[in-house]
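Peer 1: So the protein lines, in turn, are chains C and R. For the first sequence, the residue numbers in this note's numbering are 1 to 146. For the second sequence, the residue numbers in this note's numbering are 147 to 926. Supplied in structure tokens, the structure appears directly below.
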Amino acid sequence: MNELLLVVTIAGERVALPAAAVESVVELDTLIPVPRAAPHVAGLSALRSRVLTVIDCMRSLELGDTDCSDGIREAAVVELDGHHYALIVDMVEDVLEAASDPVPVRAAMGVGWERVSDGMVETEQGPLLLIDVAALVAGVEAKAAA
Amino acid sequence: MDDLIADFVAECREMLEALGGEIVAWEAQPDDRARLDSIFRFVHTVKGNCGFFEFPRLEALSHAAEDALADVRAGRRHPDGALVSAVLAVIDRIGEMVSAIEAGEDMPTGDDNHLIDALAPGAEGVIVPVVVAAEAATKASAAPRTIRLSVELLDRVMSTVSDMVLARNELARRLRESTSDVPVDGAFERLSSIIAEMRDAITRTRMQRIENLFVGLPRMVRDLSAELGKQVLVDIDGGDVELDREMIEMIRDPLTHIIRNAVDHGIEKPSERLKSGKREIGVLAVSARQSGNQILIDIQDDGRGIDGKKLVEKAISNGVVTKDEAAQLSPRDQLALIFEAGLSTAKEVTAISGRGVGMDVVRSNVERIGGIVEVDSKPGEGTRMTLRVPLTLTIIPALTVSIAGQHFAIPRSAIEEIVRANGESVTLEHLGGAGVATIRGRRVPEVSLATVLGLDSQVDEQDRTLVVLRPAGGDVYALSVDRIHDHEELVVKPAAPAVMATGLYAGTTLADDGSPILLFDPAGIAAVGGVKLEVQERTARIAEGPASAISKATPVLLFRGLDGGRRALRLAVVDRIEEVPASAVRESAGQLRVQLGEAILPLAGASASDVADGKVRLFRLNDGLHEIGYAFAEVIDFATIDRDIIHSERPGEVSGVSLVNNEPAELVDAHWLFANHQAAAAAKKEQLVCLIPDWDPWMQNMLRPLVEAAGYRVVDDAENEKADVVIACLGEELPDNASHKTIWLRSEPEVANTKDFSIYRYDRAGLLMALKSAGGGRGK
Numbered sequence: 001m002n003e004l005l006l007v008v009t010i011a012g013e014r015v016a017l018p019a020a021a022v023e024s025v026v027e028l029d030t031l032i033p034v035p036r037a038a039p040h041v042a043g044l045s046a047l048r049s050r051v052l053t054v055i056d057c058m059r060s061l062e063l064g065d066t067d068c069s070d071g072i073r074e075a076a077v078v079e080l081d082g083h084h085y086a087l088i089v090d091m092v093e094d095v096l097e098a099a100s101d102p103v104p105v106r107a108a109m110g111v112g113w114e115r116v117s118d119g120m121v122e123t124e125q126g127p128l129l130l131i132d133v134a135a136l137v138a139g140v141e142a143k144a145a146a
Numbered sequence: 147m148d149d150l151i152a153d154f155v156a157e158c159r160e161m162l163e164a165l166g167g168e169i170v171a172w173e174a175q176p177d178d179r180a181r182l183d184s185i186f187r188f189v190h191t192v193k194g195n196c197g198f199f200e201f202p203r204l205e206a207l208s209h210a211a212e213d214a215l216a217d218v219r220a221g222r223r224h225p226d227g228a229l230v231s232a233v234l235a236v237i238d239r240i241g242e243m244v245s246a247i248e249a250g251e252d253m254p255t256g257d258d259n260h261l262i263d264a265l266a267p268g269a270e271g272v273i274v275p276v277v278v279a280a281e282a283a284t285k286a287s288a289a290p291r292t293i294r295l296s297v298e299l300l301d302r303v304m305s306t307v308s309d310m311v312l313a314r315n316e317l318a319r320r321l322r323e324s325t326s327d328v329p330v331d332g333a334f335e336r337l338s339s340i341i342a343e344m345r346d347a348i349t350r351t352r353m354q355r356i357e358n359l360f361v362g363l364p365r366m367v368r369d370l371s372a373e374l375g376k377q378v379l380v381d382i383d384g385g386d387v388e389l390d391r392e393m394i395e396m397i398r399d400p401l402t403h404i405i406r407n408a409v410d411h412g413i414e415k416p417s418e419r420l421k422s423g424k425r426e427i428g429v430l431a432v433s434a435r436q437s438g439n440q441i442l443i444d445i446q447d448d449g450r451g452i453d454g455k456k457l458v459e460k461a462i463s464n465g466v467v468t469k470d471e472a473a474q475l476s477p478r479d480q481l482a483l484i485f486e487a488g489l490s491t492a493k494e495v496t497a498i499s500g501r502g503v504g505m506d507v508v509r510s511n512v513e514r515i516g517g518i519v520e521v522d523s524k525p526g527e528g529t530r531m532t533l534r535v536p537l538t539l540t541i542i543p544a545l546t547v548s549i550a551g552q553h554f555a556i557p558r559s560a561i562e563e564i565v566r567a568n569g570e571s572v573t574l575e576h577l578g579g580a581g582v583a584t585i586r587g588r589r590v591p592e593v594s595l596a597t598v599l600g601l602d603s604q605v606d607e608q609d610r611t612l613v614v615l616r617p618a619g620g621d622v623y624a625l626s627v628d629r630i631h632d633h634e635e636l637v638v639k640p641a642a643p644a645v646m647a648t649g650l651y652a653g654t655t656l657a658d659d660g661s662p663i664l665l666f667d668p669a670g671i672a673a674v675g676g677v678k679l680e681v682q683e684r685t686a687r688i689a690e691g692p693a694s695a696i697s698k699a700t701p702v703l704l705f706r707g708l709d710g711g712r713r714a715l716r717l718a719v720v721d722r723i724e725e726v727p728a729s730a731v732r733e734s735a736g737q738l739r740v741q742l743g744e745a746i747l748p749l750a751g752a753s754a755s756d757v758a759d760g761k762v763r764l765f766r767l768n769d770g771l772h773e774i775g776y777a778f779a780e781v782i783d784f785a786t787i788d789r790d791i792i793h794s795e796r797p798g799e800v801s802g803v804s805l806v807n808n809e810p811a812e813l814v815d816a817h818w819l820f821a822n823h824q825a826a827a828a829a830k831k832e833q834l835v836c837l838i839p840d841w842d843p844w845m846q847n848m849l850r851p852l853v854e855a856a857g858y859r860v861v862d863d864a865e866n867e868k869a870d871v872v873i874a875c876l877g878e879e880l881p882d883n884a885s886h887k888t889i890w891l892r893s894e895p896e897v898a899n900t901k902d903f904s905i906y907r908y909d910r911a912g913l914l915m916a917l918k919s920a921g922g923g924r925g926k
């Protein structure tokens, strides 16, 4: 019930990540591309001698590309099945307490949002979309454009 | 055997402990299938092991319990209270006996028959009070000082240590960047060495003696041979070789399969063996040894061997090869067909090895862990299978390469060779858009890494480097990369699924500078690059065959000498090419010599001034008895001499000149080289024997080499041999086996009196003269 949420901005939209899933928030500097990987895999980065697979949330949501050319990007680090991922977000805002259990969103969202949605949660700052981290990491099923 | 019993006891104890709760639960709920199964497994295990260890009472008990429980499992019997009690009584008795075995005592006395009878349907419940077990349990505290750890825990420690190594690398990098501070550096050095030591220790905890794998083999072979009516003796060697625990599990199945095959198909029945003049009992030798960072496991039988022709026939009828292809296969290739899917020479599928699992599965399993299987066989004499597997899975030696500025790693085990795309013996052609590299006459499909990865390489195609790869389960192809960087030992971690989905990568790792590097999967690149493996290689070999048969010209190696001369050496005398640092080349004993590993060879083709610094490349020439080195600047090409040779007038290093590839080249006279550089050592004549006292260190250490250089064989008093010359110090007594010639030595330069015929011991010329004249007495 009183789940903590990490509020981040992806593609200009404020959304919530389950804070329990997020290990840390980092600033990525180096990014090693992974040729031929799915488009939403932005590359690899190292954090404290661990390899992070960097996920471009914009591309995972099919909302365009995150511009990584300007260097440092903020990212939330999550662990899934023993692998560490860094989710590139526009901005990390705040940690809030959820005021309700997630409920399905009945309005029509974008296809990408629909896929990663875990429902809507109420917070003191109003309703936020709860993101399914695993779905975000999985990205679009389509493989690399060969 | 004691080890095995200890293992057995430990296993039983563990199961008994785990079973404690189950038994109670089963008693309360006899219908519970899961509990029944675990109790059944226990008695089954005990029964299986007892047969091996010869504990007949234990075996009888567990057998009876197993039968009763099997009936319940099959639904033939309902588990009533009486049965439950009877089974419990049996398990308690087993516990008592195991305790007794552990303590090395005699079995508790008593008759088990009433327990066994109680298991029978309709028997009356017999409750046996248990007292002994409790007592025994307290005694067991004197266990050896070992504990059992779960492999998961070890893995976790291992991966933490790997992380620590990476963290240390990163720290090292940051320290290098910042201004150096001596105390900090010192502390860091210490930390580094501790981490290295710890990593070593942890790696060892994961190591297991391969004995654990071998220990079950005699039993398996015994059972198999009994079943097949054969007699097989197993000879096991090298059980103390240590191997990564995980690796042992990975090779268990392939090894078992190979041994089954050897007993089933390799070793003949006793009557057949006698007929072919062999001993009735076949020998199956299994040995393990370590070679570098690989473990070699040999499985050798003295059976009927593999019939290459039969294999080929079978391969043709199964459509694995065509008739034309088959005709071109070398004997080795014929044997290698055994690893093709769906091939087995056995006429009928037997219960032992014909289980639909063929050698192809063995090969792919071994190759999956970075290993190799080789087969060698002589019909009628036996077969040898060799498994080569790496020591561990987690640390992989790799080559780092770059393409379009990005670094990647390639596992070294898959790399066959590295050549430059514009090298003399390499040509790169395009056929319908596909690259084909011709490397010393061998056509190899080329994969451009830039194309596979979709990167833009700034390096021109002709300037790239070709890495010739032989991926697991496939055949060679050449991967063109921009640059080759370094050999590194990398701690490899699995990559995220999204990365693995590309099929190109085997994992990720961190380079020394802390940046992530992707490790390639050579087979994956071939697949993505569209290389047709297997088929390609075989046809390429065939294309080569007839061509070499037609030309009768002498194959030579064309090279440029250190002085820039264009020369050729007959290929047959060149053993291999070596590269050594200039420091390995020394002028010693009047001749230029080069150190190669543990051998020191005379070096030709160079003078001391030519090899002042840098690296020296040299051919290792071999005449079958001796080796010499021949320094050169670069290899130009492989060529053949099909023109006339203009012989030189005087014997020398160059025997003649001929046109090779339309340019004149000097032919190096290997005979002259060996005659001039190896003559001293090669000359074997009857040696004169010189006796030197063995108790005199000066004589042994300083004089002996001089005497040996003069052509004598040196013996001492202990060797009861007739000496031609004896050397002794003035004032000493001569040993019994002294000969007519004695050289007396004195320690002062000045002669004490005129009658003295001794020689001052540092008078080198005088000594040599004396030795020579002493030797003259015996005709050569």
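All C-beta atoms, glycine included, are put in the ideal place defined by N, C-alpha and C. Just so you know, these numbers come straight off a predicted model, no measurement behind them.
I'd like the list of long-range same chain contacts for glycine 516 of chain R, defined as Cβ closer than 6 Å, with 5 residues on each side in sequence excluded.
Peer 2: For glycine 516 of chain R, where only same-chain residues beyond five positions count, the Cβ hits under 6 Å are Pro536 and Ser559.
Peer 1: Please name the residues in the region 661-678 of chain R whose beta-carbon is closer than 9 Å to at least one beta-carbon of chain C, in chain order.
Peer 2: Residues Ser661, Pro662, Ile663, Leu664 and Val674.
Peer 1: Assuming isoleucine 671 of chain R contacts leucine 650 of chain R (C-beta within less than 8 Å), just tell me the rounded distance between them.
Peer 2: Confirmed, Cβ separation roughly 6 Å.
Peer 1: Check each residue of the region 640-661 of chain R: if its Cβ is closer than 8 Å to any Cβ of chain C, include it; give the result in chain order.
Peer 2: So the close ones are Pro640, Ala641, Ala642, Pro643, Ala644, Val645, Ala647, Thr648, Leu650, Tyr651, Thr654, Thr655, Leu656, Gly660 and Ser661.
Peer 1: Is there a Cβ of chain R sitting closer than 8 Å to that of threonine 30 of chain C, yes or no?
Peer 2: It does; some Cβ of chain R falls within 8 Å.
Peer 1: Are any of the Cβ atoms in chain C nearer than 8 Å to that of aspartate 301 of chain R?
Peer 2: No, because no Cβ of chain C sits closer than 8 Å to the Cβ of aspartate 301 of chain R.
Peer 1: In angstroms with no decimal places, state the Cα-to-Cα distance between serine 287 of chain R and serine 245 of chain R.
Peer 2: Residue placement at serine 287 of chain R cannot be trusted, given a pLDDT of 47 that sits under 50; what the coordinates show is reported in the next sentence. Approximately 11 Å, taken between the alpha carbons.
Peer 1: State buried or exposed for histidine 411 of chain R, treating a residue as buried only when at least 16 other CB atoms are found within 10 Å of its CB.
Peer 2: Its Cβ being crowded by 16 or more others within 10 Å, histidine 411 of chain R is buried.
Peer 1: Taking just the CA atoms, how far does leucine 261 of chain R sit from alanine 235 of chain R?
Peer 2: Approximately 7 Å, taken between the alpha carbons.
Peer 1: Just to confirm my understanding: we take alanine 829 of chain R, look at its own chain, exclude 5 residues before and 5 after, and list those with CB closer than 7 Å. What are they?
Peer 2: With a pLDDT of 42 at alanine 829 of chain R, under the threshold of 50, the modelled position of that residue is not reliable, and the figure given next carries that caveat. Hits under 7 Å: none found.
Peer 1: Could you pull out every residue in the same chain whose Cβ sits closer than 8 Å to the Cβ of alanine 206 of chain R, ignoring the five residues on either side in sequence?
Peer 2: Counting only Cβ-Cβ distances below 8 Å, and skipping sequence neighbours, we find Asp258 and Ile262.
Peer 1: Could one say the Cβ of alanine 108 of chain C lies closer than 8 Å to chain R's Cβ atoms, at least one of them?
Peer 2: It does not; no Cβ of chain R falls within 8 Å.
Peer 1: Distance, Cα to Cα, leucine 837 of chain R vs isoleucine 873 of chain R?
Peer 2: So the two alpha carbons sit approximately 6 Å from each other.
Peer 1: Does the beta-carbon of glutamate 114 of chain C have 16 or more other beta-carbons within 10 angstroms, so that it is buried, or is it exposed?
Peer 2: Looking at its Cβ environment, which holds fewer than 16 other Cβ atoms inside 10 Å, glutamate 114 of chain C is exposed.
Peer 1: Output, in sequence order along the chain, the residues in the region 578-601 of chain R whose CB is closer than 8 Å to any CB in chain C.
Peer 2: Taking 8 Å as the Cβ-Cβ cut-off against chain C, the residues of the region 578-601 of chain R that qualify are Val598, Leu599, Gly600 and Leu601.
Peer 1: Reducing DSSP to helix, strand and coil, say where valine 777 of chain R ends up.
Peer 2: In the sequence as presented, valine is not what sits at residue 777 of chain R; that position holds alanine. Three-state DSSP puts alanine 777 of chain R in a strand.
Peer 1: List the residues of chain R that proline 35 of chain C touches, going by C-beta distances under 7 Å, in chain order.
Peer 2: The contacting residues are Leu599, Gly600 and Leu601.
Peer 1: Once DSSP output is grouped into helix, strand and coil, what is the label at arginine 368 of chain R?
Peer 2: DSSP places arginine 368 of chain R in helix when its eight states are reduced to three.
Peer 1: Taking the alpha carbon of arginine 398 of chain R as the point to measure from, which residue in R:Asn768, R:Asp506 and R:Ile356 has its own alpha carbon closest?
Peer 2: Among R:Asn768, R:Asp506 and R:Ile356, the Cα nearest to that of arginine 398 of chain R is on R:Ile356.
Peer 1: How big is the Cα-Cα spacing for arginine 907 of chain R and tryptophan 890 of chain R?
Peer 2: If you take the alpha carbons of arginine 907 of chain R and tryptophan 890 of chain R, they lie about 9 Å apart.
Peer 1: Using 8 Å as the limit for Cβ to Cβ distance, is arginine 610 of chain R near chain C?
Peer 2: False, the Cβ-Cβ gap to chain C never drops below 8 Å.
Peer 1: Roughly how many whole angstroms lie between the Cα atoms of valine 512 of chain R and valine 519 of chain R?
Peer 2: Distance between the alpha carbons of valine 512 of chain R and valine 519 of chain R: 7 Å.
Peer 1: Starting from isoleucine 397 of chain R, trace the alpha helix (DSSP H) both ways and give me its first and last residue.
Peer 2: Where isoleucine 397 of chain R is concerned, the enclosing alpha helix (DSSP H) stretches over 391-407.
Peer 1: Could one say the Cβ of valine 51 of chain C lies closer than 8 Å to chain R's Cβ atoms, at least one of them?
Peer 2: Chain R, which has a Cβ nearer than 8 Å to the Cβ of valine 51 of chain C, makes this yes.
Peer 1: Just to make sure I have the definition right: I need the residues of chain R whose C-beta is within less than 9 Å of the C-beta of serine 45 of chain C. Which are they?
Peer 2: The contacting residues are Ser661 and Pro662.
Peer 1: Just tell me which of C:Val121, C:Leu87 and C:Ile88 has its CA closest to the CA of alanine 99 of chain C.
Peer 2: Checking every option, the nearest Cα to that of alanine 99 of chain C belongs to C:Val121.
Peer 1: Kindly confirm or deny that the region 524-532 of chain R and the region 446-466 of chain R touch, where touching means at least three C-beta pairs closer than 8 Å.
Peer 2: The region 524-532 of chain R vs the region 446-466 of chain R: in contact.
Peer 1: Use the C-beta contact count for lysine 193 of chain R: other C-beta atoms within 10 angstroms, 16 or more gives buried, fewer gives exposed.
Peer 2: Classification of lysine 193 of chain R: buried, given that the 10 Å Cβ count is 16 or more.
Peer 1: From this set, R:Ala730, R:Glu388, R:Phe154 and R:Gly587, which residue's C-alpha is nearest phenylalanine 784 of chain R's C-alpha?
Peer 2: For phenylalanine 784 of chain R, the nearest C-alpha among the options comes from R:Gly587.
Peer 1: I want to verify the contact list: residues of chain R whose CB lies under 7 Å from the CB of glycine 112 of chain C, in sequence order.
Peer 2: In chain order: nothing, as chain R lies at least about 16 Å away.
Peer 1: Which parts of the region 508-573 of chain R are runs of the beta strand (DSSP E), unbroken and 3 residues or longer, counting only runs that do not cross its ends?
Peer 2: Taking only runs of at least 3 residues, the beta strand (DSSP E) segments lying wholly in the region 508-573 of chain R are 518-524, 528-536, 541-549, 552-557 and 561-566.
Peer 1: May I ask which residues mark the beginning and end of the alpha helix (DSSP H) holding tryptophan 890 of chain R?
Peer 2: Premise fails: tryptophan 890 of chain R lies in the beta strand (DSSP E), 887-892, not in any alpha helix (DSSP H).
Peer 1: Could you give the distance in angstroms between the alpha-carbon of leucine 442 of chain R and the alpha-carbon of aspartate 522 of chain R?
Peer 2: Roughly 14 Å separates the two Cα atoms.
Peer 1: Since valine 26 of chain C contacts leucine 47 of chain C with CB under 8 Å, what's their CB separation in whole angstroms?
Peer 2: Yes, they are in contact, since the Cβ atoms of valine 26 of chain C and leucine 47 of chain C sit about 6 Å apart, within 8 Å.
Peer 1: My output table needs one value for alanine 240 of chain R: the three-state DSSP class, helix, strand or coil.
Peer 2: The question names alanine, yet the displayed sequence has isoleucine at residue 240 of chain R. Helix, per DSSP.
Peer 1: Would you call the region 27-36 of chain C and the region 131-142 of chain C touching, i.e. three or more CB-CB distances under 8 Å?
Peer 2: Touching, no.
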